[in-house]
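Student: Just so you know, the protein sequences line up as chains A and B, in that order. End of the first sequence = 137 in the numbering used here, gap-free, step of one. End of the second sequence = 1137 in the numbering used here, gap-free, step of one.
2 protein chains.
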Amino acid sequence: MSDVLTILKKHHLSNTDSRRAVLEAFLQTEIALAHQDIERETKERFDRVTIYRTLQTFIDKGIVHTIPSADSGTRYALCRENCSEGHHHDNHVHFICDACGRTSCLDDVAIPSVSLPKGYKVGKIDMVVNGVCPECQ
Amino acid sequence: MSDVLTILKKHHLSNTDSRRAVLEAFLQTEIALAHQDIERETKERFDRVTIYRTLQTFIDKGIVHTIPSADSGTRYALCRENCSEGHHHDNHVHFICDACGRTSCLDDVAIPSVSLPKGYKVGKIDMVVNGVCPECQ
DNA sequence: GTAACTGCAAAATATTTGCATCCTT
DNA sequence: AAGGATGCAAATATTTTGCAGTTAC
Chain A
1 MSDVLTILKK HHLSNTDSRR AVLEAFLQTE IALAHQDIER ETKERFDRVT IYRTLQTFID
61 KGIVHTIPSA DSGTRYALCR ENCSEGHHHD NHVHFICDAC GRTSCLDDVA IPSVSLPKGY
121 KVGKIDMVVN GVCPECQ
Chain B
1001 MSDVLTILKK HHLSNTDSRR AVLEAFLQTE IALAHQDIER ETKERFDRVT IYRTLQTFID
1061 KGIVHTIPSA DSGTRYALCR ENCSEGHHHD NHVHFICDAC GRTSCLDDVA IPSVSLPKGY
1121 KVGKIDMVVN GVCPECQ
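1. By the three-class DSSP mapping on this structure, what secondary structure does B:Arg-1080 have?
2. Grab me the residues of B:Arg-1019's own chain with a C-beta within less than 7 Å of its C-beta, minus the 5 sequence neighbours each way, in chain order.
3. By how many angstroms is the C-alpha of A:Cys-97 removed from the C-alpha of B:Glu-1024?
4. Should the segment 118-127 of chain A be called in touch with the segment 1120-1134 of chain B, which here means at least 3 C-beta pairs below 8 Å?
5. Got a sec: is the Cβ-Cβ distance from A:His-133 to anything in chain B below 9 Å?
6. Can you pull the DSSP bridge partners for A:Ile-7?
7. Give the range of the beta strand (DSSP E) segment to which A:Ile-38 is assigned.
8. CB B:Phe-1046 to CB B:Ala-1021, shorter than 9 Å?
9. Please tell me whether B:Ala-1070 has its Cβ less than 9 Å away from any Cβ of chain A.
10. Indicate whether at least one CB of chain A lies closer than 9 Å to the CB of B:Asp-1098.
11. Counting C-beta neighbours from all protein chains within 10 Å, is the total for A:Cys-100 16 or more, i.e. buried, or is it exposed?
12. Quick check on A:Lys-121: does DSSP put it in helix, strand or coil?
13. Between the Cα of B:Tyr-1076 and those of B:Ser-1113, B:Thr-1103, B:Lys-1061, B:Thr-1042, spot the shortest distance and give me the residue it belongs to.
14. Listed from N- to C-terminal order along the chain, which residues in the segment 115-131 of chain A have their beta-carbon within a distance smaller than 9 Å of any beta-carbon of chain B?
15. What residues of chain A sit near B:Thr-1074, judged by a beta carbon separation below 7 Å?
16. How many angstroms separate the CA atom of B:Thr-1074 from the CA atom of B:Gln-1028?
17. I'd like the span of the beta strand (DSSP E) that includes B:Ile-1063, first residue to last.
18. Return the chain-ordered list of same chain residues with a C-beta closer than 7 Å to the C-beta of B:Lys-1118, the five sequence neighbours on each side being excluded.
19. Return helix, strand or coil for B:Ser-1018, following the three-state DSSP convention.
20. Take the Cβ of B:Ser-1069 as the centre, count every other Cβ of all protein chains shown within 10 Å, and call the residue buried at 16 or more, exposed below.
21. Spell out whether any CB of chain A is found under 9 Å from the CB atom of B:Leu-1106.
22. Residues of the segment 1046-1069 of chain B in Cβ contact with chain A at a cutoff of 7 Å, in chain order, please.
23. Can you check whether the C-beta of A:Phe-26 is within less than 9 Å of a C-beta belonging to chain B?
24. Along chain A, in chain order, which residues have C-beta atoms closer than 7 Å to that of B:Gln-1137?
25. Should A:Gly-93 be flagged as near chain B, meaning a C-beta pair shorter than 9 Å?
26. Taking the beta strand (DSSP E) that A:Leu-116 belongs to, which residues open and close that run?
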């Protein structure tokens, strides 16, 4: 069974055209995708709204995560492991290349721990590095 | 001379109503402000567009910085020090409270260093912690 | 067959641009 | 006086919602 169907089954999601196409778009790339990238990758076969809803479903189920950014818009990437419904565990650093604009997950770089002042309860931690990627050097 | 005028003068900006009002809004709060917060704080005296342009000017001059977020929209906070035109040096952790929704700068918490794989050139690093703030515990 | 998913229309929200006018220096 | 800043109108972009028709199981 294909990866795509495995993922859908694992998360108890029905097997629809748009879910398969969006998942395939993620599996075929190393980088994080913006909503617009996904429309293009799926060859405009699906309505914009359907893609928004599909992405939201995937986020709810722990299949993809969003990457924070101050400048560019929201980007999405596959969760590599351990994410379950309603609870993301992404613990890796994200990298945004200022030259090519691409966002990627550095799956092998763990977010270092940080200690906050007394009274703060820590949930999720995001770390986003901007710079120049190896391809653009 | 007021803080506000000192800041404007330091960055060679003309002394206008909207710039004074926006700066005062930042000086009167501990938390990061969204565009909409600023409209409210300045009592809708200024056009939405003017506030966008004022904020962009402040970012360009190194007076405020934006805080990345995956969910909520862009938020802005004063740079405490060391930022100069075209170059931000914010090295502190940002905190977003999931209970009250407020975003704040933890000026005393430095972003820990992280080493990336060979080939990546590091520019800016952002760290955003989500959780529950002391007031909401 | 039924609940869930999709497409379309439209609303709501966010941000940018052009231009004429006004204000700061 | 001159250049920059502002307000208004409008364009553009992004995301959400309602609803009727379609599809997966």
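Virtual Cβ for every residue (Gly too), placed ideally from N, Cα, C.
Tutor: Checking against the coordinates, here is how it stands:
1. coil
2. Leu-1008, Leu-1013, Thr-1054
3. 35 Å
4. yes
5. Per the sequence presented here, residue 133 of chain A reads as Cys, with His not at that position. Answer yes: the Cβ-Cβ gap between A:Cys-133 and chain B drops below 9 Å somewhere.
6. None; A:Ile-7 has no bridge partner.
7. No beta strand (DSSP E) holds A:Ile-38; the alpha helix (DSSP H) holding it covers 35-41.
8. yes
9. yes
10. yes
11. exposed
12. strand
13. B:Thr-1103
14. Ser-115, Leu-116, Pro-117, Lys-118, Gly-119, Tyr-120, Lys-121, Val-122, Gly-123, Lys-124, Ile-125, Asp-126, Met-127, Val-128, Val-129, Asn-130, Gly-131
15. Ala-70
16. 19 Å
17. First-last for B:Ile-1063: undefined, no H or E at that position.
18. none
19. helix
20. buried
21. yes
22. Thr-1066, Ile-1067, Pro-1068, Ser-1069
23. no
24. Gly-119, Lys-121
25. At residue 93 of chain A the sequence reads Val, which differs from the Gly that was named. Cβ-Cβ to chain B under 9 Å: yes for A:Val-93.
26. From DSSP, A:Leu-116 is part of no beta strand (DSSP E); its letter is neither H nor E.
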